[in-house]
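J.:
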């Protein structure tokens with residue numbers, strides 16, 4: 001069953017089987033070991049939560065809540081006798097603890113923020129926006145003539161919910177007409193990223209509620225979110241987005257449409273919607289359609305991640321600034337709010353490490369220029385590049401309906417030259433139509449609810465998805481209410 005990782009070309013790949021959490025046998029074995037070795041006068045330490053990217057052993061961290069013997073490092077290494085005895089007490093194959101998908105990581109973070117033992121405790125890592133978990137989920141502060149937005153759900157990877165969208169919209173509308181605000185910047189609380197996307201658990205609950213108005217809450221969320229994306233794109237004052245760390249899905253929507261978009265060496269930018277039976281939204285089809293060659297098609301279908309260099313190359317970002325320089329950059333933006341934002345950012349900008357996508361452009365253009373998804377997969381299978389074969393394997397795990405609708409949506413924006421506003425209107429209809437289909441609820445279930453990573457797509461194959469099916473998702477009925485956006 002797949003977990004999310006990244007290959008040399010930024011493709012989200014499948015990996016080893018994962019489970020959701022440590023079995024009880026592991027917890028009992030470790031706690032027994034801790035009590036046996038810890039002196040009664042010593043207070044045991046609580047291990048921090050493991051990073052999703054930490055190595056599983058030889059430097060990996062114990063899961064949150066397990067007790068570490070006093071005097072021992074928090075890093076659990078293979079060569080330490082005590083750890084060897086602990087591992088021998090576990091069921092075979094249960095160590096190392098599993099890596100988790102990004103969707104599962106986000107969901108677990110949201111659950112921890114609501115109910116976990118750390119709920120309400122100040123997160124020492126929250127530094128950029130001086131945010132705390134018990135503060136509002138969107139912090140609005142003034143630094144001189146700079147209006148600073150801080151997305152403040154660090155334990156949920158700053159995932160957007162409807163209340164956050166409404167609060168951010170109201171702030172931008174107020175600041176647009178406030179002569180005391182000359183510039184706006186957006187950042188994320190914590191050290192993990194700007195924003196990992198939207199609250200897909202809420203969408204799943206809405207889609208599967210069985211209520212008469214099922215889907216209404218999700219439609220209202222998307223309506224306000226897409227209007228916010230358009231507002232950011234047409235904001236009358238400089239809008240600076242600090243795209244540090246994870247920036248995916250809805251995080252792209254509140255950043256990549258801004259005037260000045262800053263990535264760092266830690267940036268991981270993606271539109272991974274096909275992994276849950278959905279399609280790129282928040283203006284993602286417009287951004288992907290404007291990427292060079294067929295890179296946007298590749299990223300849209302695979303949900304692949306972009307490094308800073310790739311994001312710059314594909315038009316999702318404008319500048320690279322080292323992550324360590326972001327506090328100084330924010331200070332300069334506050335001090336120089338009346339000067340061009342580009343000038344303040346340029347003073348801190350450095351060259352980004354080259355991304356892998358430009359070098360992969362030849363095989364990507366050759367394969368993704370095909371007229372349909374089945375032909376794209378066939379061409380990828382015929383390529384000698386290992387990355388192309390891995391991309392084909394990724395596509396074979398995705399929702400066939402999602403793949404065909406995504407390809408049609410991105411191609412339509414490019415073919416018709418749609419404005420961002422018209423692209424958002426089209427995405428709004430597609431999102432609502434997919435909510436009524438089985439694959440979105442099934443994809444979220446498999447990734448973040450049951451976490452079995454084995455979605456049962458319906459239809460199950462590309463051949464079963466007809467052109468009429470795709471047209472039904474991409475054609476907006478005349479009587480369907482839209483976003484009311486005006487193209488400029």
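Numbering (full-length UniProt numbering), first residue to last: 1 to 488. Just so you know, even glycine gets a beta-carbon here, dropped at the ideal spot from N, CA and C. Owing to the predicted nature of the structure, the values given are computational and were not obtained by experimental measurement.
1) If residue 241 sits next to residue 227, beta carbons under 8 Å apart, how far is it from one beta carbon to the other, in whole angstroms?
2) Confirm, please, whether the CB-CB distance from residue 336 to residue 295 is below 8 Å.
3) So if DSSP puts residue 239 in a beta bridge, which residue, or which two residues, is it bridged to?
4) Using the three-state DSSP reduction, which class does residue 460 fall into: helix, strand or coil?
5) Let me make sure I understand the geometry here. Which of 402, 452, 441, 237 has the alpha-carbon closest to that of residue 461?
6) Out of 233, 190, 159, 202, point me to the one whose CA is closest to residue 251's CA.
7) Between residue 365 and the rest of its own chain, which residues show a CB-CB distance below 6 Å, the 5 nearest in sequence each way excluded?
8) If you draw a straight line from the C-alpha of residue 324 to the C-alpha of residue 267, how long is it?
9) Residues in its own chain within less than 8 Å of residue 215 by CB, not counting five upstream and five downstream?
10) Give a yes or no on contact between the segment 166-176 and the segment 135-152, applying the rule of three or more CB pairs nearer than 8 Å.
11) Return yes when the Cβ of residue 272 is within less than 8 Å of the Cβ of residue 303, no when it is not.
12) For residue 218, I'd like the list of residues in its chain whose CB is within less than 6 Å of its CB, leaving aside the five on either flank, ordered along the chain.
13) Rounded C-beta distance between residue 315 and residue 291? I'm assuming under 8 Å.
14) What number of angstroms, rounded off, separates the C-alpha of residue 229 from the C-alpha of residue 257?
15) Is the beta carbon of residue 498 less than 8 Å from the beta carbon of residue 284?
16) Excluding five sequence neighbours on each side, which residues of the same chain lie with their C-beta closer than 7 Å to the C-beta of residue 388?
17) Along the chain, where does the beta strand (DSSP E) containing residue 142 start, and where does it finish?
18) Confirm, please, whether the CB-CB distance from residue 345 to residue 404 is below 8 Å.
19) Can you tell me which of the three DSSP states residue 347 falls into?
20) Near residue 449, which residues of its chain fall below 7 Å by C-beta distance, leaving aside the five closest residues on each side in sequence?
21) How would you write the range of the alpha helix (DSSP H) that residue 367 sits in, first residue to last?
22) Kindly list the residues whose CB is nearer than 7 Å to the CB of residue 334, restricted to its own chain and excluding five residues on each side of it in sequence; keep chain order.
23) When the Cα atoms are used, what is the spatial distance from residue 153 to residue 189?
24) Excluding sequence positions up to five away, which residues of its chain have a Cβ less than 7 Å from the Cβ of residue 428?
25) Following a CB-centred definition, is residue 313 positioned closer than 7 Å to any heavy atom of the ligand ADP?
26) Output yes or no for whether 8 Å exceeds the beta carbon distance between residue 311 and residue 377.
27) Extract the residue ranges of the alpha helix (DSSP H) inside the segment 186-264, only unbroken runs of 4 or more that lie entirely within it.
28) Of all the alpha helix (DSSP H) runs that stay within the bounds of the segment 403-458, which reach a length of 4 or more residues?
29) As an exercise, report each continuous alpha helix (DSSP H) stretch of at least 4 residues that is fully enclosed by the segment 286-320, in chain order.
30) Give me, in chain order, the residues of the same chain whose beta-carbon lies closer than 7 Å to that of residue 280; leave out the 5 immediate sequence neighbours on both sides.
31) What number of angstroms, rounded off, separates the C-alpha of residue 464 from the C-alpha of residue 372?
32) Could you tell me if residue 177 is buried or exposed, where buried requires 16 or more neighbouring beta carbons within 10 angstroms of its beta carbon?
33) So what does DSSP say about residue 352, is it helix, strand or coil?
34) Apart from the five residues on each side of it in sequence, which residues of its chain come closer than 6 Å, Cβ to Cβ, to residue 476?
35) Report the partner residues of residue 268 according to the DSSP bridge assignment.
36) Reducing DSSP to helix, strand and coil, say where residue 377 ends up.
T.: In short, the structure shows the following:
1) Wrong, their Cβ atoms sit about 18 Å apart, outside the cutoff.
2) Going by C-beta atoms, residue 295 is not nearer than 8 Å to residue 336.
3) DSSP, once it has assigned bridges, lists 184 as partnering residue 239.
4) Residue 460 carries a coil assignment under DSSP once its states are collapsed to helix, strand and coil.
5) Comparing Cα-Cα distances from residue 461 to each of 402, 452, 441, 237, the minimum goes to 402.
6) With respect to the C-alpha of residue 251, the residue from 233, 190, 159, 202 having the closest C-alpha is 159.
7) Excluding positions up to five away in sequence, the list reads 293, 294.
8) Near 13 Å, if we compare the C-alpha coordinates of residue 267 and residue 324.
9) The residues are 206, 207, 432, 435, 436.
10) Proximity of the segment 166-176 to the segment 135-152 meets the contact definition, three or more beta-carbon pairs being nearer than 8 Å.
11) Taking the C-beta atoms as reference points, residue 272 is found nearer than 8 Å to residue 303.
12) Only 203, 206, 435 meet the Cβ criterion.
13) Indeed they touch by this definition, with Cβ atoms about 6 Å apart.
14) Going from the Cα of residue 229 to the Cα of residue 257 covers about 7 Å.
15) It is not possible to answer for residue 498, since the shown part of the chain is limited to 1 through 488.
16) Excluding sequence neighbours, residue 388 sits near 363, 367, 380.
17) Start and end: 138-143.
18) Their beta carbons are not under 8 Å apart, which means residue 404 does not touch residue 345 by this criterion.
19) Three-state DSSP puts residue 347 in coil, outside helix and strand.
20) Within the same chain, Cβ atoms closer than 7 Å to the Cβ of residue 449 are found at 204, the five residues on either side in sequence being excluded.
21) Under the DSSP assignment, residue 367 falls in the alpha helix (DSSP H) whose first and last residues are 361-368.
22) Taking residue 334 as the centre and dropping the five residues before and after it, the same chain places the C-beta of 143, 144, 146 closer than 7 Å to its C-beta, in chain order.
23) Each residue's Cα considered, the two are about 7 Å apart.
24) Excluding residues within five positions, the ones whose Cβ falls inside 7 Å are 222, 223, 226, 482, 483.
25) Questions concerning the ligand ADP fall outside what the structure shown contains, since it holds no ligand whatsoever.
26) At the C-beta level, residue 311 and residue 377 stay beyond 8 Å of one another.
27) Taken in chain order, the complete alpha helix (DSSP H) segments of 4 residues or longer contained in the segment 186-264 are 200-207, 216-233, 250-253.
28) Fully enclosed alpha helix (DSSP H) runs of no fewer than 4 residues occupy 420-435, 438-444 of the segment 403-458, in order along the chain.
29) For the alpha helix (DSSP H) assignment, the uninterrupted runs of no fewer than 4 residues enclosed by the segment 286-320 are, from N- to C-terminal side, 295-302, 308-313.
30) Only 271, 273, 288, 300, 406 meet the Cβ criterion.
31) Between the alpha carbons of residue 464 and residue 372 lies a distance of about 13 Å.
32) Taking a 10 Å sphere around the C-beta of residue 177, we find fewer than 16 other C-beta atoms and assign the residue as exposed.
33) The answer is coil: DSSP assigns residue 352 none of H, G, I, E or B.
34) Non-local C-beta neighbours of residue 476 in its own chain, meaning closer than 6 Å and more than five positions away in sequence, comprise 429, ordered along the chain.
35) For residue 268, the pairing in a beta bridge is given by DSSP as 246.
36) In this structure, DSSP gives residue 377 a helical state, which the three-state scheme calls helix.
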